Each structure stands twice: as structure tokens, then as C-alpha cells.
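Worksheet: one structure, shown below.
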Amino acid sequence: MHLPALVLLRTLLIPWVGAAALLAAPWTGARAQEPDEYILTLPSGPAAPAQGGSVRFIGNATVLIEYQGLAILTDPNFLPRGSFVRLGYGLRSERLAGPAISIDALPPVDLVVLTHLHEDHFDWLVQQRLRRDVPIVTTSEAAPQLEELGFTQHYGLAAWDSLTVRKGEARLRVTALPARHGPRALAWLLPEVMGALLDFGPGAFGPAYRMYISGDTVLFDELAQIGQRFPDIDLALLHLGGMRLAGPFKLSMDGEDGARLLQLTGARRAIPLHFSDYDMFHSPLADFQRATRAAGLDGRVIHLERGDTYTLPLERAEGQTGQPAPAGYSYFEMKNGNKNAVSISDIHFQKIMN
Ligand SMILES: [Zn+2]
């Protein structure tokens with residue numbers, strides 16, 4: 001772990017989001033060790049816009065998320081149409097649809113969320129042009145590989161670990177979530193993948209907006225824990241495509257799997273990604289549309305063309321917040337088992353040191 005501006009709070013950072021949810025839904029995972037929690041403080045930069053946020057679909061699994069002065073880029077892939085990406089073992093895939101903008105047209109990026117190191121998520125152009133010191137949140141496996149590529153600020157997380165980013169008044173907590181790029185038997189052949197939960201800004205009793213990024217994953221049991229541990233997901237970004245390389249094995253969700261995961265997570269809205277950019281994708285968007293229609297979920301789906309922007313309704317409507325905390329107070333679950341009651345107004349990123 002490379003930790004220049006990072007304060008490691010291995011035991012004691014209080015989760016400001018979901019503090020109330022902790023009371024209602026304590027950790028139930030099988031993981032023996034408690035998740036690690038980190039804080040990253042970024043330079044403030046210019047004053048952030050008052051409210052609001054957006055998701056702009058650039059192509060494949062690349063989106064630009066902007067929230068109150070924070071700009072987050074996911075799985076950057078800026079190769080033009082006709083380029084080939086290498087996926088290991090001599091396998092490669094052609095890009096059939098180019099990105100909406102060039103990498104040079106990006107606004108300054110505060111953070112990259114990289115679900116895994118495959119070239120259709122972090123290509124050679126990005127490896128050349130991306131700022132070397134941009135903070136990159138990724139898997140524990142990819143972090144040292146990014147170091148070798150010359151990137152200096154990488155934060156490798158295991159599933160359920162989290163990194164809280166502060167920039168001026170803006171707050172974002174990124175939690176790494178389970179994902180698996182294919183059948184268990186083939187796991188050793190494929191890069192480690194993570195899903196990501198993005199909790200934006202402190203709301204009254206939890207995050208103001210909660211976003212889930214699936215990463216390239218197939219459906220497997222542990223995914224069911226995501227909605228259990230993190231209810232109230234506002235938006236799911238689903239990596240589809242029913243990717244196959246060589247052989248019969250599915251390496252990412254097809255349309256039906258995507259509909260199933262939308263159901264499992266209980267997300268209010270979903271944006272399908274990663275379904276037609278490469279010739280390794282075998283499940284077109286129409287599969288997802290059919291499956292969501294059949295399951296009565298089509299009202300939740302937002303379809304973005306490359307270059308389209310979805311504006312985040314950051315203020316949740318009445319009745320959409322999570323479990324209410326006792327009036328005026330919330331509880332911090334500490335890893336030593338103690339609980340402290342703290343006034344809501346004090347909870348934003350308070351550190352409690354040993
Ligand atoms: Zn992919």
C-alpha cells in the first residue's frame with residue numbers, strides 16, 4: 001500500500017455513512033478480519049458548485065461522475081474504434097465503438113476507480129496520458145502493477161475495505177465490493193476484480209447519494225450481500241456484455257444476469273454499461289432490455305448513449321432515506337466493540353484515535 005496523503009485508520013475511522021444502518025444491519029460477512037478503512041484528503045481546489053451531480057457515459061465502462069467539485073473517472077478506456085486490446089494469453093479484442101471524447105478532453109480528474117486491470121478498462125493510451133499522480137482506487141492485485149506502470153498514488157482495497165475522500169466540503173466514501181471475472185475454477189487465469197460502492201456526501205442519516213458499480217463480474221453468491229449490507233442504492237452501473245473470450249465460459253454478466261443483479265441489489269435506477277464496445281461481447285443491450293421488461297424492472301433503467309449525461313437527483317425524496325437514527329444522534333461502531341454516541345452535527349469524518 002502506498003500511502004502518501006493517506007491516513008491509515010485501520011481500526012478507528014467511524015463510518016459517517018450508514019452509521020444508522022450499522023445499528024440495523026451489522027456486518028454479517030464471513031470475512032474473519034474487519035475491513036480496513038482509509039482517508040484520503042485532496043487539495044481543495046476552486047469552490048465547488050453548490051449542489052448536484054452527474055454521470056456522463058464516455059464508452060465501454062468509462063464514465064465521468066461529478067459531484068460537488070469532485071470528478072471521478074471509472075475504468076478509463078479511450079482507445080479509438082478499430083483498436084485492439086490485449087487480454088492476456090495472446091487473446092485480443094477489437095473495439096467496435098469509440099469513446100465519446102478523447103482523453104485530452106477530460107476535465108481535471110480527482111480520482112480514478114479502476115475495477116480491474118484489463119486493457120478495455122485501462123488501456124495503453126491511458127497508461128501514457130493519465131496524470132501519474134492521480135489517485136487510483138483499485139484491487140490489491142492491481143495496485144502494485146500500477147506502481148510498475150509509473151502511477152504513484154494507488155490504493156489497493158480488498159472486498160469491503162473503504163477509502164473516504166475529502167476535498168473541501170465534498171465527501172465520498174468508496175467501498176470495494178465482491179466481484180469475480182468468471183467461473184471460480186478460472187479465477188487464477190483472470191485479474192482480480194472489485195465492484196465499488198460510492199457514497200456521496202453526508203446526508204441527514206446516511207449518504208446523500210449511493211452508487212454501485214458492478215465491475216466485470218459473473219453472478220455468484222457473495223453479490224447478495226451487497227444489497228444486504230448497503231441498502232438504499234440509488235443507482236447501479238452494470239457491466240454487461242456477456243463477455244466470452246475463448247471457450248464457453250461467460251466472463252461478464254449477460255442481459256439476464258444484469259437484470260437479476262439489479263433485482264438483488266434493490267437499486268432504484270440502473271445504467272447499463274460495457275455491452276457493445278468490443279467484439280468479445282455476446283449479449284447486446286436488447287438482452288438486458290428484454291430481461292428487465294420481463295421482470296418488471298424496465299422503469300428503473302436509464303439508457304445513455306455515449307456522450308449522454310444523467311443528472312443525479314441528489315436530494316432524496318421523502319421516505320427514501322435509510323433507517324432513521326435516534327433523534328439527533330448516531331452511533332459509531334468501533335472495531336474494539338465500543339459504541340460512542342455522537343451528535344449528528346459532529347460526525348463528519350471525525351477521527352477517534354486510540
Ligand atoms: Zn471489461
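Following full-length UniProt numbering, the numbering of the sequence shown begins with 1 at its first residue and continues without gaps.
Glycine included, C-beta positions come from ideal geometry on N, C-alpha and C.
All of these numbers come straight from a predicted model, not from anything done at the bench.
Three-state secondary structure assigned by DSSP to residue i
i: E37; result: strand
i: D257; result: helix
i: D298; result: helix
i: P135; result: coil
i: E192; result: coil
i: L106; result: coil
i: residue 417; result: In this structure the chain extends from 1 to 354, so residue 417 is not present and cannot be described.
i: T74; result: strand
i: F275; result: coil
i: F288; result: helix
i: R129; result: helix
i: T115; result: coil
i: T217; result: coil
i: I58; result: strand
i: R95; result: strand
i: L262; result: helix
i: E166; result: The sequence shown places Arg at residue 166, not Glu. If DSSP states are grouped into helix, strand and coil, R166 belongs with the strands.
i: L64; result: strand
i: A270; result: strand
i: residue 355; result: There is no way to answer for residue 355, as the model of the chain reaches only from 1 to 354.
i: L223; result: helix
i: A185; result: helix
i: R293; result: helix
i: R81; result: coil
i: R229; result: helix
8 Å Cβ shell around residue i - same chain, five flanking residues per side excluded
i: P43; result: K167
i: V193; result: T115, H116, T139, A179, R180, H181, G215, D216, T217
i: I72; result: L64, I65, E66, V109, D110, L111, V112, V113, L172, L198
i: P284; result: G255, F275, S276
i: A224; result: L264
Of the residues the options, the one placed nearest residue i, counting alpha carbons only
i: M59; options: D123, D36, R92; result: Looking at the sequence itself, residue 59 is Gly, so the reference to Met does not match. The shortest Cα separation from G59 among D123, D36, R92 belongs to D123.
i: residue 355; options: P248, R210, F151; result: Coverage of the chain is limited to positions 1 through 354, which leaves residue 355 absent and any answer about it impossible.
i: T41; options: H118, R300, R56, E169; result: E169
i: G69; options: G45, A61, R56, T152; result: G45
i: V174; options: I136, L96, L146, Q153; result: I136
i: I39; options: Q289, Y212, T164; result: T164
i: T309; options: A291, L96, I101; result: I101
i: D133; options: M253, F151, A142, G255; result: F151
i: P313; options: R210, R92, Q127, E119; result: R210
i: E119; options: A196, A142, R131; result: A142
i: Y89; options: L245, G195, G206; result: L245
i: G206; options: F230, Q127, R184; result: F230
i: R95; options: A105, A61, P107; result: A61
i: L106; options: F57, L149, E147, D287; result: F57
Residues near residue i in its chain [Cβ-Cβ closer than 6 Å; skip 5 each side]
i: L190; result: H181, G182
i: R129; result: I103
i: D257; result: L219
i: A30; result: A caution first: A30 carries a pLDDT of 45, below 50, which makes its placement in the model unreliable, though a value can still be read off. Answer for A30: no residue qualifies.
i: T311; result: S54
i: A291; result: G255, E256, A259
i: M243; result: L251, S252, M280, F281
i: Y155; result: V137, L163
i: P144; result: none
Own chain, CB closer than 7 Å to residue i, minus 5 neighbours either side, in chain order
i: E222; result: P178
i: T265; result: Y212, I226, G227, I233, A236
i: G98; result: G59, P80, R81
i: P35; result: W160, D161, S162
i: A295; result: A259, Q263
Contact shell at 5 Å, judged by CB to any heavy atom of ligand 1, ordered along the chain = D120, D216
ask   = Between the segment 267-278 and the segment 297-307, are three or more C-beta pairs nearer than 8 Å?
value = yes
ask   = Can at least three beta-carbon pairs, one atom from the segment 119-133 and one from the segment 75-84, be found at a separation below 8 Å?
value = yes
ask   = Does the segment 231-250 come within contact of the segment 260-267, defined as at least 3 CB pairs closer than 8 Å?
value = yes
inquiry  = Three Cβ pairs or more, each shorter than 8 Å: is that satisfied between the segment 277-291 and the segment 85-102?
reply    = yes
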